[in-house]
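Residue numbers (my numbering): 1 to 74. From the three backbone atoms N, C-alpha and C, an ideal C-beta is built for every residue, glycine too. What you are looking at is a predicted structure, and each value in this text was computed from that prediction instead of being measured.
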């Protein structure tokens, strides 16, 4: 996990010229920038680094559909 934290940055902050370092708490990556502190979920071990909150739910729904299709084929 520590190697991953060294590589990942908050996409919102990086596009604004900030460092955007993250910390991990529970199932979330949280931006350390005081004026940001955005939270990015980890879903099935994959960090979801989307900048709009609603995007995750669409992404999650698509992954769940893909999981169902995959389990029917296996």
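Contact under 8 Å by Cβ, residue 29 with residue 42: Position 29 of the chain shown, counted from the first residue, corresponds to residue 29. Position 42 of the chain shown, counted from the first residue, corresponds to residue 42. Cβ distance < 8 Å, so residue 29 and residue 42 count as in contact.
Residue range of the unbroken beta strand (DSSP E) whose run includes residue 4: In the chain shown, the residue the question calls residue 4 occupies position 4. From DSSP, residue 4 is part of no beta strand (DSSP E) but of the alpha helix (DSSP H) over 2-7.
Coil, strand or helix - residue 44 by DSSP: For this step, residue 44 is matched to residue 44 along the chain shown. Residue 44 falls in the coil class under three-state DSSP.
Quick check on residue 36: does DSSP put it in helix, strand or coil? To locate residue 36, count along the chain shown from 1; it is residue 36. Residue 36 falls in the coil class under three-state DSSP.
Count the other CB atoms, across all protein chains shown, that sit within 10 Å of the CB of residue 26; report buried if there are 16 or more and exposed otherwise. If you number the chain shown from 1, residue 26 lands on position 26. A residue is called buried once 16 or more other Cβ atoms fall within 10 Å of its Cβ, and residue 26, having fewer, is exposed.
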